[in-house]
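Peer 1: From first to last, the protein sequence lines stand for chains A and B.
Heads up: the first sequence begins at 1 in the UniProt record's numbering, then just goes up one per residue.
Heads up: the second sequence begins at 1 in the UniProt record's numbering, then just goes up one per residue.
Yeah, the Cβ is synthetic: ideal placement off N, Cα and C, and Gly gets one too.
Just so we're clear, the structure is a prediction, and the values are computed from it rather than from any experiment.
My questions will all concern the structure given below.
2 protein chains.
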Amino acid sequence: MFIINPDIKNYIKDLSRKIKIEDEEIISQLERYADETDFPIINREVGLLIHLITKLKKPKLVVELGSGFGYSAYWFAKAMEDGKVVLIDYQEKNIEKAKELFEKTNLTDKAIFEVGDAVEIAKKYQNIDILFLDLEKSRYLEAIKQLENNLNQNALIIADNTLWYGNVVNPQDNKSKIVAQFNQYMFENYLSVLIPIRDGVLIAYKD
Amino acid sequence: MFIINPDIKNYIKDLSRKIKIEDEEIISQLERYADETDFPIINREVGLLIHLITKLKKPKLVVELGSGFGYSAYWFAKAMEDGKVVLIDYQEKNIEKAKELFEKTNLTDKAIFEVGDAVEIAKKYQNIDILFLDLEKSRYLEAIKQLENNLNQNALIIADNTLWYGNVVNPQDNKSKIVAQFNQYMFENYLSVLIPIRDGVLIAYKD
Numbered sequence: 001m002f003i004i005n006p007d008i009k010n011y012i013k014d015l016s017r018k019i020k021i022e023d024e025e026i027i028s029q030l031e032r033y034a035d036e037t038d039f040p041i042i043n044r045e046v047g048l049l050i051h052l053i054t055k056l057k058k059p060k061l062v063v064e065l066g067s068g069f070g071y072s073a074y075w076f077a078k079a080m081e082d083g084k085v086v087l088i089d090y091q092e093k094n095i096e097k098a099k100e101l102f103e104k105t106n107l108t109d110k111a112i113f114e115v116g117d118a119v120e121i122a123k124k125y126q127n128i129d130i131l132f133l134d135l136e137k138s139r140y141l142e143a144i145k146q147l148e149n150n151l152n153q154n155a156l157i158i159a160d161n162t163l164w165y166g167n168v169v170n171p172q173d174n175k176s177k178i179v180a181q182f183n184q185y186m187f188e189n190y191l192s193v194l195i196p197i198r199d200g201v202l203i204a205y206k207d
Numbered sequence: 001m002f003i004i005n006p007d008i009k010n011y012i013k014d015l016s017r018k019i020k021i022e023d024e025e026i027i028s029q030l031e032r033y034a035d036e037t038d039f040p041i042i043n044r045e046v047g048l049l050i051h052l053i054t055k056l057k058k059p060k061l062v063v064e065l066g067s068g069f070g071y072s073a074y075w076f077a078k079a080m081e082d083g084k085v086v087l088i089d090y091q092e093k094n095i096e097k098a099k100e101l102f103e104k105t106n107l108t109d110k111a112i113f114e115v116g117d118a119v120e121i122a123k124k125y126q127n128i129d130i131l132f133l134d135l136e137k138s139r140y141l142e143a144i145k146q147l148e149n150n151l152n153q154n155a156l157i158i159a160d161n162t163l164w165y166g167n168v169v170n171p172q173d174n175k176s177k178i179v180a181q182f183n184q185y186m187f188e189n190y191l192s193v194l195i196p197i198r199d200g201v202l203i204a205y206k207d
């Protein structure tokens, strides 16, 4: 099941490559590495989307649940004039790689690096302006419910993989069911949009 | 050629209906009217997207080129605390209908209504925070080029129908060629994303 018509997907991908970015070489290299090692990262199109949204939102605190090696965090941090991005991953080697990325791109002063259980660590942070969910899909609903009180007024929640390969349409397995429940919960409780790029990006605004 | 998988499209459509809006009855009625009379309006999903973007951007001045009977302008105005939306359409009967909509939804004090050539009228306005393009597709490129100096710092340009039924992928006719040229121009000059909902919504940020 494909989400977008492949021709349209390629058209948008090609357009996105026309945007000049300061760290093109470093970011391209990371994208190739993710591709080669089959490491799940948001792609360039999603990166540019969260970058644009961050420029509009002007957050002081972004908290990421499931940072991998920092690709998404790069797009947040690069759009921020001040404030911090908290990168959380349960794998120390991912966070080590994220630290390298942030050093290379001169963004270290905008980052806080954490290793461990993403939901538990995130609970320490109050007044979150953007909460980014990219942890195990079976934890999406639990994550938002446990962290709602940590959100600032007019916070954004951005969640990746909210179409889960299209499986949310007719969810059979546990992960698909939970992502579908998460989407329903978000649309019932927040001003939400589900953007069908890559694997589906949900953006929700706390009104 | 379909843009999004129809199952995904319906899934997102159904989710969008879960969001409670204050003017549900009036807006639903307008959507049905547009459907029955085959009048091109952005749909609910695109409406919610521009509504959310407007909440983040907090514009003082939104200028619409091609307002039809005010459906998109409603989503802008409803998200604004203050400031004005300028609705422009070349058909007086459309603007009359838009006036009715704004009266019914108590948004008249946020609107300026104009009838005539959209590009020429828009030129009167300086410091535009959001420029919304939904005029004849053959005028997209001309419109942005003529109005660039009227944009405020960090303005947004939002353009509807930027996939033009998918024809931009391999443009044959004049309108498709111009929309494709417009997309290329926007991605080369602005931080842009092209959201594949309905007929393609381009959102560009003046960095």
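When the Cα of residue 109(B) is compared with those of 117(B), 77(B) and 97(B), which residue comes out closest?
Peer 2: On the second sequence, residue 109(B) is found 109 positions in, with the first residue counted as 1. Minimum Cα distance to residue 109(B) is reached at 77(B).
Peer 1: I'd like the span of the alpha helix (DSSP H) that includes residue 194(A), first residue to last.
Peer 2: Within the first sequence, the letter at position 194 stands for residue 194(A). Careful: residue 194(A) lies outside any alpha helix (DSSP H), inside the beta strand (DSSP E) at 191–195.
Peer 1: Would the beta-carbon of residue 122(B) fall within 9 Å of that of residue 111(B)?
Peer 2: As a working mapping, residue 122(B) is identified with position 122 in the second sequence. As a working mapping, residue 111(B) is identified with position 111 in the second sequence. The answer is no: Cβ separation not under 9 Å.
Peer 1: With DSSP as the reference, please indicate the residues paired to residue 132(B) in a beta bridge.
Peer 2: Here residue 132(B) refers to the residue found at position 132 when the second sequence is read from its first residue. Per DSSP, 64(B) and 158(B).
Peer 1: Mark residue 1(A) as exposed unless 16 or more other C-beta atoms lie within 10 angstroms of its C-beta, in which case mark it buried.
Peer 2: Stepping through the first sequence from its first residue, residue 1(A) is reached at position 1. Exposed, because fewer than 16 other Cβ atoms sit within 10 Å of the Cβ of residue 1(A).
Peer 1: Under DSSP, the beta strand (DSSP E) around residue 165(A) begins and ends at which residues?
Peer 2: Locating residue 165(A) in the first sequence gives position 165, counting from the first residue. Looking at the DSSP string, residue 165(A) is not in any beta strand (DSSP E), and its letter there is neither H nor E.
Peer 1: Could you tell me whether the Cβ atoms of residue 74(A) and residue 37(A) are closer together than 9 Å?
Peer 2: As a first step, residue 74(A) must be located in the first sequence, where it is residue number 74. As a first step, residue 37(A) must be located in the first sequence, where it is residue number 37. It is not a contact, given that the beta carbons lie outside the stated cut-off.
Peer 1: Is residue 12(A) helix, strand or coil by DSSP?
Peer 2: Position 12 of the first sequence, counted from the first residue, corresponds to residue 12(A). Residue 12(A) falls in the helix class under three-state DSSP.
Peer 1: Which one of 205(A), 198(A) and 204(A) has the shortest CA to CA distance from residue 8(B)?
Peer 2: Reading the second sequence from its first residue, position 8 is the one you call residue 8(B). Ranking the options by Cα distance to residue 8(B), first place goes to 198(A).
Peer 1: Name, please, each residue of chain B whose Cβ falls closer than 7 Å to the Cβ of residue 2(A).
Peer 2: Here residue 2(A) refers to the residue found at position 2 when the first sequence is read from its first residue. Simply 5.
Peer 1: Put residue 88(B) into one of helix, strand or coil per three-state DSSP.
Peer 2: Residue numbering aside, residue 88(B) sits at position 88 when the second sequence is read from its first letter. Looking at residue 88(B) - three-state DSSP - the assignment turns out to be strand.
Peer 1: Answer with yes or no whether the minimum CB distance from residue 205(A) to chain B is below 9 Å.
Peer 2: One-based indexing of the first sequence puts residue 205(A) at position 205. Residue 205(A) counts as touching chain B.
Peer 1: Contact criterion: CB-CB distance below 9 Å. Does residue 210(A) meet it with respect to chain B?
Peer 2: With chain A represented from 1 up to 207, any question about residue 210(A) goes unanswered, as that position is not in the structure.
Peer 1: How is residue 153(A) classed by DSSP in three states: helix, strand or coil?
Peer 2: One-based indexing of the first sequence puts residue 153(A) at position 153. DSSP places residue 153(A) in strand when its eight states are reduced to three.
Peer 1: Kindly indicate the opening and closing residues of the beta strand (DSSP E) around residue 81(B).
Peer 2: Here residue 81(B) corresponds to residue number 81 of the second sequence, with the count starting at 1. Taken as a continuous stretch (DSSP letters only), residue 81(B) belongs to no beta strand (DSSP E), as it is neither H nor E.
Peer 1: At 9 Å on the CB atoms, spell out the chain A contacts of residue 192(B), in chain order.
Peer 2: The residue labelled residue 192(B) in the question sits at position 192 within the second sequence. 15, 16, 18, 19, 48 and 52, listed in chain order.
Peer 1: State the start and end residues of the unbroken alpha helix (DSSP H) segment that holds residue 31(B).
Peer 2: As a working note, residue 31(B) is residue 31 in the second sequence. Note, residue 31(B): alpha helix (DSSP H), 24–37.
Peer 1: Please compile the residues from chain B whose C-beta is within a distance smaller than 9 Å of the C-beta of residue 184(A).
Peer 2: Indexing the first sequence from 1 puts residue 184(A) at position 184. Correct list: 15 and 18.
Peer 1: When DSSP builds the beta bridges, which residues end up paired with residue 112(B)?
Peer 2: Taking the first residue of the second sequence as 1, we reach residue 112(B) at position 112. Answer is 86(B).
Peer 1: For the region 177–195 of chain B and the region 137–145 of chain B, state whether three or more C-beta atom pairs, one from each stretch, are separated by less than 8 Å.
Peer 2: Yes: the two stretches touch, three or more of their Cβ pairs being nearer than 8 Å.
Peer 1: Tell me where the alpha helix (DSSP H) around residue 144(A) begins and ends.
Peer 2: Stepping through the first sequence from its first residue, residue 144(A) is reached at position 144. Its alpha helix (DSSP H) spans residues 140–147.
Peer 1: Could you compute how far the alpha carbon of residue 59(B) sits from the alpha carbon of residue 174(A)?
Peer 2: As a first step, residue 59(B) must be located in the second sequence, where it is residue number 59. As a first step, residue 174(A) must be located in the first sequence, where it is residue number 174. Whole-angstrom Cα-Cα distance: 42 Å.
Peer 1: Assign residue 17(B) to buried or exposed, taking buried as 16 or more other Cβ atoms, counted over all protein chains shown, within 10 Å of its Cβ.
Peer 2: Within the second sequence, numbered from 1, the residue matching residue 17(B) stands at position 17. Exposed.
Peer 1: Tell me whether residue 205(A) sits in a helix, a strand or coil according to DSSP, three-state version.
Peer 2: Reading the first sequence from its first residue, position 205 is the one you call residue 205(A). Note: residue 205(A) maps to strand in three-state DSSP.
Peer 1: Going by Cα to Cα distance, which pick from 176(B), 201(B), 162(B) and 100(B) is closest to residue 26(B)?
Peer 2: Residue 26(B) sits at position 26 when you count from the first residue of the second sequence. Among 176(B), 201(B), 162(B) and 100(B), the Cα nearest to that of residue 26(B) belongs to 100(B).
Peer 1: Can you tell me which of the three DSSP states residue 53(A) falls into?
Peer 2: Here residue 53(A) refers to the residue found at position 53 when the first sequence is read from its first residue. Helix.
Peer 1: Can you list, in chain order, the residues of its chain with a C-beta nearer than 8 Å to that of residue 84(A)? Leave out the 5 residues immediately preceding and following it.
Peer 2: Counting from one through the first sequence, the residue named residue 84(A) turns up at place 84. Counting only Cβ-Cβ distances below 8 Å, and skipping sequence neighbours, we find 60, 61, 62, 110, 111 and 112.
Peer 1: Ignore the nearest five residues each way along the sequence and tell me which others in residue 129(B)'s own chain have a CB closer than 6 Å to its CB.
Peer 2: Stepping through the second sequence from its first residue, residue 129(B) is reached at position 129. Closer than 6 Å at Cβ, skipping near neighbours: 59, 60, 61, 152 and 155.
Peer 1: On the CB-based measure, 16 or more other CB atoms within 10 Å of its CB, does residue 92(A) come out buried or exposed?
Peer 2: Indexing the first sequence from 1 puts residue 92(A) at position 92. Result: exposed.
Peer 1: Could you tell me which chain A residues have their CB closer than 7 Å to the CB of residue 168(B), listed as they occur along the chain?
Peer 2: Mapped onto the second sequence, residue 168(B) falls at position 168. Neighbours of residue 168(B) on chain A, chain order: 11.
Peer 1: Against residue 177(B), what residues of chain A qualify as contacts under a CB-to-CB distance less than 8 Å, listed in chain order?
Peer 2: In the second sequence, residue 177(B) corresponds to position 177, counting from 1. Near residue 177(B) there are no residues of chain A at all, since even the closest Cβ is about 14 Å away, more than 8 Å.
Peer 1: Examine chain B for any beta-carbon lying closer than 9 Å to the beta-carbon of residue 57(A), and answer yes or no.
Peer 2: Your numbering for residue 57(A) matches position 57 in the first sequence. Residue 57(A) counts as touching chain B.
Peer 1: Would DSSP call residue 4(B) helix, strand or coil?
Peer 2: To locate residue 4(B), count along the second sequence from 1; it is residue 4. Strand, per DSSP.
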